[in-house]
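*Asks:* Residue numbers (our numbering): 28 to 260. Please find one structure pasted underneath; my questions will follow.
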Amino acid sequence: MDIYPIKAFSDNYIWVIEEGTEAVIVDPGEAKGVIGYLAEKNLELKAILLTHNHDDHIGGVQEILVTYPDISIYGPEETSSLVNHVVVEGDSFNLLNEQFNVIKTAGHTDGHISYLAKKILFCGDALFSAGCGRVFTKDYQAQYDALQKFNQLDDEVLVYAAHEYTQTNLRFSQGIEPSNKVISEALAKTNELRAKGQPTLPTTIGREKKINLFLQVTSLEDFKELRQARDHF
């Protein structure tokens with residue numbers, strides 16, 4: 028499988044998973060870029076994967092369906108009005124000759140899920156490089172539990188998050204741990220990439236264990252305090 032980003036809005040990535048002439052789209056918040064990309068590369072769209080119900084992740088689905096009416100759409104219960112396959116933690120399905128496994132990663136929304144295929148993770152807004160999603164539900168336990176699930180994944184797993192937040196997250200982290208050389212070096216590298224207009228994703232679980240303070244906290248209270256500090260950064 029090959030994976031490419033389609034940029035959307037100010038900082039979203041819509042991920043395209045390609046295998047030969049077939050493609051799967053993850054979290055299409057808008058349609059124009061997706062339809063144009065598929066046409067330009069002459070790809071057959073087979074399915075859409077949704078992680079949660081925020082509009083910047085689902086807003087393009089209906090328009091895409093006008094062009095591709097017969098595709099499969101997978102997502103959590105909170106996206107049931109758009110999908111033809113509601114999935115929950117523990118479910119698996121095959122696309123592009125790969126098995127995709129569903130992990131519940133709630134907190135950002137009540138039903139947020141992530142998809143793991145081999146060593147590839149599509150985590151929507153549950154995990155970012157050097158950060159995690161805002162806990163709009165106020166269910167900090169759910170988001171903390173999701174982070175522990177990510178911590179249990181193999182270090183080699185590639186992380187395809189849905190937003191380009193790495194630079195801001197690392198600036199926040201550097202403020203929390205100014206003497207942390209790993210974070211300072213990661214920020215310097217990130218600054219170089221962004222100056223060139225290049226994505227900082229994918230990252231890896233192994234890298235995130237070293238630079239992501241949210242994966243390093245060891246209690247719910249510490250996580251809540253850190254997340255609320257990030258909210259006001």
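Cβ coordinates follow ideal geometry from the N, Cα and C atoms, glycine included.
Roughly how many angstroms lie between the CA atoms of Thr106 and Ser206, to the nearest whole one?
*Replies:* Going by the C-alpha atoms only, they are around 43 Å apart.
*Asks:* Tell me whether Ala256 sits in a helix, a strand or coil according to DSSP, three-state version.
*Replies:* If DSSP states are grouped into helix, strand and coil, Ala256 belongs with the helices.
*Asks:* Let me confirm a value: Lys265 is counted as buried when at least 16 other C-beta atoms fall within 10 Å, else exposed. Which label applies?
*Replies:* Residue 265 cannot be examined here, being either before or after the span of the chain that is shown, 28 to 260.
*Asks:* Using three-state DSSP, classify Tyr192 as helix, strand or coil.
*Replies:* Tyr192 falls in the coil class under three-state DSSP.
*Asks:* Tell me the DSSP bridge mates of Lys34?
*Replies:* DSSP lists Tyr40 as partners of Lys34.
*Asks:* Pull up the distance between the alpha-carbon of Leu197 and that of Cys159, whole angstroms please.
*Replies:* When rounded, the distance between both Cα atoms is 12 Å.
*Asks:* Candidates Ile91, Phe155, Tyr142: which alpha carbon is nearest Asn236's?
*Replies:* Checking the sequence shown, residue 236 turns out to be Lys, not Asn. Closest option to Lys236, Cα to Cα, is Phe155.
*Asks:* Name the residue from Phe163, Glu57, Thr48 whose alpha carbon lies nearest to the alpha carbon of Phe36.
*Replies:* If we check each option's Cα against that of Phe36, Glu57 comes out closest.
*Asks:* Is it the case that the Cβ atoms of Ala173 and Thr132 are separated by a distance below 8 Å?
*Replies:* Against a cut-off of 8 Å, the Cβ pair of Thr132 and Ala173 comes out as a contact.
*Asks:* Hey, out of Phe241, Pro96, Ser141, whose CA is closest to Asn111's CA?
*Replies:* Comparing Cα-Cα distances from Asn111 to each of Phe241, Pro96, Ser141, the minimum goes to Pro96.
*Asks:* Quick one: grab the DSSP three-state call for Gln175.
*Replies:* Correct three-state label for Gln175: helix.
*Asks:* Would you mind stating whether Leu76 and Val51 have Cβ atoms separated by less than 8 Å?
*Replies:* Yes.
*Asks:* What did DSSP end up calling Asp137 once you bin it into helix, strand or coil?
*Replies:* Three-state result, Asp137: coil.
*Asks:* Do Thr78 and Ser141 come within 8 Å of each other at the CB atom, strictly closer than that value?
*Replies:* Yes, the pair counts as a contact, with Cβ atoms nearer than the cut-off.
*Asks:* Report the three-state DSSP secondary structure of Ile98 (helix, strand or coil).
*Replies:* Ile98 falls in the coil class under three-state DSSP.
*Asks:* Could you name each continuous alpha helix (DSSP H) segment of 4 residues or more that falls completely within the region 58 to 125, going from the start of the chain to the end?
*Replies:* Here the runs fully enclosed are 59 to 67, 82 to 85, 88 to 94.
*Asks:* Which value, in whole angstroms, describes the spacing of the CA atoms of Asp182 and Ala188?
*Replies:* Taking the straight line joining both Cα atoms gives about 16 Å.
*Asks:* Determine the extent of the alpha helix (DSSP H) in which Phe241 is found, giving its start and end residues.
*Replies:* 240 to 243 is the span of the alpha helix (DSSP H), which, as asked, contains Phe241.
*Asks:* Provide the residue(s) that pair with Gly151 in DSSP beta bridges, ordered along the chain.
*Replies:* Ala188, per the DSSP bridge assignment.
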